[in-house]
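Inspection log for the structure reproduced underneath, given as structure tokens.
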Amino acid sequence: MRAVWKGAVTFGLVNVPVKLYSATEDHDVSLHQVHDADGGRIRYQRICEIDGQVVEYKNIDKAYDDGERTVVITDEDLKSLPAERSREIEVVEFVPTDQIDPIMFDRSYYLEPDSASSKAYVLLRETLESTDRTAIVRMALRQKTRLAALRVHGKVLMVQTLLWSDEVRQAAFPALDEAVKVTAKELELSKQLVESLVAEFEPDQYVDEYQQELRTLIAAKLEQGDALDTAATFGEQPDETGGEVIDLMEALRRSIASKRGGADAADDESEGSSAKASAGGAAAKKPKSAKKSEKPASEKSKARKAAS
Numbered sequence: 001m002r003a004v005w006k007g008a009v010t011f012g013l014v015n016v017p018v019k020l021y022s023a024t025e026d027h028d029v030s031l032h033q034v035h036d037a038d039g040g041r042i043r044y045q046r047i048c049e050i051d052g053q054v055v056e057y058k059n060i061d062k063a064y065d066d067g068e069r070t071v072v073i074t075d076e077d078l079k080s081l082p083a084e085r086s087r088e089i090e091v092v093e094f095v096p097t098d099q100i101d102p103i104m105f106d107r108s109y110y111l112e113p114d115s116a117s118s119k120a121y122v123l124l125r126e127t128l129e130s131t132d133r134t135a136i137v138r139m140a141l142r143q144k145t146r147l148a149a150l151r152v153h154g155k156v157l158m159v160q161t162l163l164w165s166d167e168v169r170q171a172a173f174p175a176l177d178e179a180v181k182v183t184a185k186e187l188e189l190s191k192q193l194v195e196s197l198v199a200e201f202e203p204d205q206y207v208d209e210y211q212q213e214l215r216t217l218i219a220a221k222l223e224q225g226d227a228l229d230t231a232a233t234f235g236e237q238p239d240e241t242g243g244e245v246i247d248l249m250e251a252l253r254r255s256i257a258s259k260r261g262g263a264d265a266a267d268d269e270s271e272g273s274s275a276k277a278s279a280g281g282a283a284a285k286k287p288k289s290a291k292k293s294e295k296p297a298s299e300k301s302k303a304r305k306a307a308s
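Quick note on UniProt numbering: the sequence shown kicks off at 1 and runs consecutively.
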């Protein structure tokens, strides 16, 4: 990994030198645009409106237009801003971890110790762990002032940049203002459905099926060309659109039944086998009881012969 930022975490008089690394990466297949008539590559060029010339990226500056005047802002101007020059991740406060709404999380970055001794780094990590706190920090990254959450992830410290409060939209949906009555039975069935799907979360068992299918499609088209039969490549896919749920109770019952179907069938089969075995056992015992009833008569006969 390549460090994207270098500085220090500061809280009080404690200084923790760190390097910042992006914690996530994009695995999507990269596609470009082509002309549908001849397959020619579509490219976007940066053209100056004044002279009509194509401008290289290195010769492009930024500007602000207020409608009457234009102010050009160069890269040197941006780098000269005090916030951009700062190499600090300043701890503002420590808050309970559960107070941060996940909707505010933006990008994730790992922090690597960047000094001969990692004692200050480990001390901060263990302090956050033992207090179950998350540090709210301020930092300048990529020409923006960022608010971020500094927390522990395994053995590493990480920062997750946060959206500003005015960047999170309010969910104003009229349908949610309507009074809706949920019956106790509906809630009970819904809980049963949840219980039938309870499991430990293991991220490794999930894959991006769309990207897998896209790679399969690309490989098949490279081999077979445009004559590719996608139905043969992927098989006929069932229509999963379905219709609108009319009877919520019935939908819940069917969902639970579909999850329990295999287990219930096995239970029914087991119960059926037990019933048959029980009936067979009862039938087998009857002759034994008949023999037991004959035994005393046989003994009486022997006794008579002995007496005679």
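Glycine included, every Cβ here is placed at the ideal spot set by N, Cα and C. Owing to the predicted nature of the structure, the values given are computational and were not obtained by experimental measurement.
Residues in the same chain with beta-carbon distance under 6 Å from residue i, minus the five sequence neighbours each way, listed in chain order, please.
i	result
residue 257	none
residue 86	140
Please tell me whether residue i and residue j are closer than 8 Å, where the distance is taken between their beta carbons.
i	j	result
residue 162	residue 106	yes
residue 111	residue 157	yes
residue 61	residue 74	yes
residue 28	residue 211	yes
residue 9	residue 193	no
residue 20	residue 109	yes
residue 159	residue 89	yes
residue 252	residue 176	no
residue 96	residue 133	yes
residue 200	residue 234	no
residue 196	residue 260	yes
Measure from the alpha carbon of residue i to the alpha carbon of each residue in the options, then state which is nearest.
i	options	result
residue 130	94, 149, 10, 62	94
residue 154	166, 172, 128, 169	128
residue 104	66, 165, 135, 90	165
residue 63	109, 77, 43, 195	77
residue 91	137, 17, 203	137
residue 152	171, 125, 222, 224	125
residue 58	46, 174, 24, 65	46
residue 135	187, 171, 1, 11	11
residue 26	171, 168, 52, 208	208
residue 79	66, 119, 144	144
residue 36	226, 230, 231, 247	226
If you count every other CB in all the chains shown that lies within 10 Å of the CB of residue i, and 16 or more means buried, which is it?
i	result
residue 116	exposed
residue 219	exposed
residue 249	exposed
residue 146	buried
residue 16	buried
residue 140	buried
residue 148	buried
residue 13	exposed
residue 270	Because residue 270 carries a pLDDT of 46, less than 50, the predicted location of this residue cannot be relied on, and no value is offered for it.
residue 274	Any reading at residue 274 is ruled out, since the residue's pLDDT is 47, under 50, leaving its predicted position unreliable.
With a CB to CB cut of under 7 Å and the five nearest residues on each side skipped, what residues in its chain are close to residue i?
i	result
residue 41	32, 34
residue 101	none
residue 114	6, 17, 18, 19
residue 54	45, 46, 47
residue 1	21
residue 228	220, 221
residue 49	none
Provide the residue(s) that pair with residue i in DSSP beta bridges, ordered along the chain.
i	result
residue 34	41
residue 15	10
residue 65	70
residue 103	Per DSSP, none; premise fails for residue 103.
residue 160	108, 149
residue 139	146
residue 310	Absent from the model: residue 310. The displayed extent of the chain is 1 to 308, so no value can be given.
residue 55	Paired residue(s): none; residue 55 is not in a bridge.
residue 223	Residue 223 pairs with nothing; no bridge assigned.
residue 96	133
residue 89	9
residue 47	54
Going along the chain, which residues of its own chain have a beta-carbon closer than 8 Å to the beta-carbon of residue i, five neighbours each way excluded?
i	result
residue 311	This structure gives no information on residue 311, because the portion of the chain shown stretches from 1 to 308.
residue 216	233, 234
residue 72	61, 62, 63
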